[in-house]
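S.K.: Note that this note's numbering numbers the sequence shown so that position 247 is 314, with each residue one more than the last.
Starting off with a structure, shown below.
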Amino acid sequence: MSRLPFAPPVLVVSLFVAAPLRGQDDLPPETKAVISKLKDEAKNKSASTRASAYKSMGELGTSGASLRRALCDGMLDPAVTVRTAAADALKKIDAPLYKSAMAIYIDKDMQAVAKAANSGSRAEPLVPLILPIVAQFSPMASQPITASTRQEQLAAINLARANLETSLRTLVAIAPDDELVNKGVISMLTNTQAGNRAVAVDLVGRVKNRKLALPTLVALAGNAREPDATRVKAVLLLPEVCDENTRPRARRTVEAVRLDSSRTVREAAETALRRLGE
């Protein structure tokens with residue numbers, strides 16, 4: 068499987084095949100009780116207890132659909148017996164998701180990460196397996212590129228940036244309400260590299276906690292050293308991320324760039340003011 072940059076997600080076919088998976092709301096009370104018990108046991112200090120819990124989850128079959136994220140979490144367990152039990156259980160509950168999880172976790176297949184985005188919320192359980200990829204590539208992706216950067220280092224940085232972007236885009240596509248995903252995107256707005264900030268600006272409007280990004284978006288919108296494309300997106304996002312209390316601050320920022328030297332920023336400011344009610 069490829070571990071290199073790949074075609075955009077819109078050009079690939081999703082790994083997931085539509086299959087009936089019962090939601091927890093459709094389950095009888097006794098099954099819900101079993102699921103709750105197994106979730107607790109999966110957090111036990113004993114590796115054997117955790118492994119047994121994951122094995123029992125698999126025996127629920129499609130009735131254990133609500134456990135898929137817990138099983139992906141289990142695939143990161145420090146004990147190999149636990150990781151194996153979690154993976155085996157996921158295969159029994161949702162075989163297509165299992166294939167994607169293995170491709171991402173074992174093969175580090177970035178094409179599988181991209182394809183997951185096409186499945187939307189159905190791929191949400193994969194979040195625990197994709198977040199470590201963000202952590203893995205962030206340090207290298209945040210390295211500057213200068214005239215003295217050697218060719219091999221340049222290739223490594225560009226690959227890290229591509230993989231970081233793919234991972235963030237997939238996370239937002241499959242879990243825009245997830246707290247860790249939200250934190251990752253919002254924190255990327257202050258990344259040291261303009262390209263990474265540009266990706267975050269492009270994504271932040273889609274996450275649940277986007278209002279928390281207002282201070283950073285204000286700073287980006289007013290920073291003449293920021294690329295125009297990033298500033299334009301930041302300006303246009305201000306009406307979306309402000310509320311009744313922060314609207315005056317957003318308006319002041321937009322007003323301040325109405326006479327900006329950049330034509331595209333000025334045009335964005337006019338659009339944002341209309342959205343703000345001016």
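The beta carbon of each residue, even a glycine, is placed where N, CA and C say it ideally should be.
(1) Would you mind working out which of G131, N290 and S115 sits nearest T257, comparing C-alpha positions?
(2) Where does D161 fall in DSSP's three states?
(3) Using C-beta distances below 6 Å, list every residue in its chain close to S329, excluding the 5 sequence neighbours before and after it, in chain order.
(4) Identify, in the order they occur along the chain, each residue of the same chain with its Cβ nearer than 7 Å to the Cβ of A184, setting aside the five sequence neighbours on each side.
(5) DSSP three-state label for E337, please.
(6) Return the chain-ordered list of same chain residues with a C-beta closer than 7 Å to the C-beta of M207, the five sequence neighbours on each side being excluded.
(7) Is K104 buried or exposed, if buried means 16 or more other CB atoms sit within 10 Å of its CB?
(8) When you compare each of Q260, P282, E293 and T297 to R318 by their alpha carbons, which one comes out closest?
(9) Mapping the DSSP letters down to three states, classify R89 as helix, strand or coil.
(10) Which same chain residues, not among the five before or five after T331, have their C-beta less than 6 Å away from its C-beta?
(11) Output needed for E293: all residues of its chain with C-beta closer than 6 Å, excluding positions within five of it in sequence on either side, in chain order.
(12) From I212 to L221, what distance separates their C-alpha atoms?
(13) Could you give the distance in angstroms between the alpha-carbon of P87 and the alpha-carbon of T151?
(14) Report the option in D176, K182 and Y121 whose CA atom is closest to the CA atom of D155.
M.R.: With the given structure in hand:
(1) When only C-alpha atoms are compared, the closest one is N290.
(2) When secondary structure is reduced to three states using DSSP, D161 falls in the coil class, being assigned neither helix nor strand.
(3) Cβ within range, chain order: D295.
(4) Answer for A184: P76, R236, T237, A240 and I241, listed in chain order.
(5) Helix, per DSSP.
(6) Excluding positions up to five away in sequence, the list reads A223, I224 and A227.
(7) K104 counts as exposed, since fewer than 16 other beta carbons sit within 10 angstroms of its beta carbon.
(8) Between R318 and the set Q260, P282, E293 and T297, the nearest pair of CA atoms involves P282.
(9) Model confidence at R89 stands at a pLDDT of 49, short of 50, so the residue's coordinates are unreliable and nothing is read from them.
(10) These residues qualify, in order along the chain: D295 and V299.
(11) Cβ neighbours of E293 beyond the five flanking positions: L287.
(12) When rounded, the distance between both Cα atoms is 7 Å.
(13) Annotation note: pLDDT 49 at P87 (below 50); position unreliable, coordinate value reported separately. So the two alpha carbons sit approximately 25 Å from each other.
(14) Residue Y121 is the option with its Cα nearest to D155.
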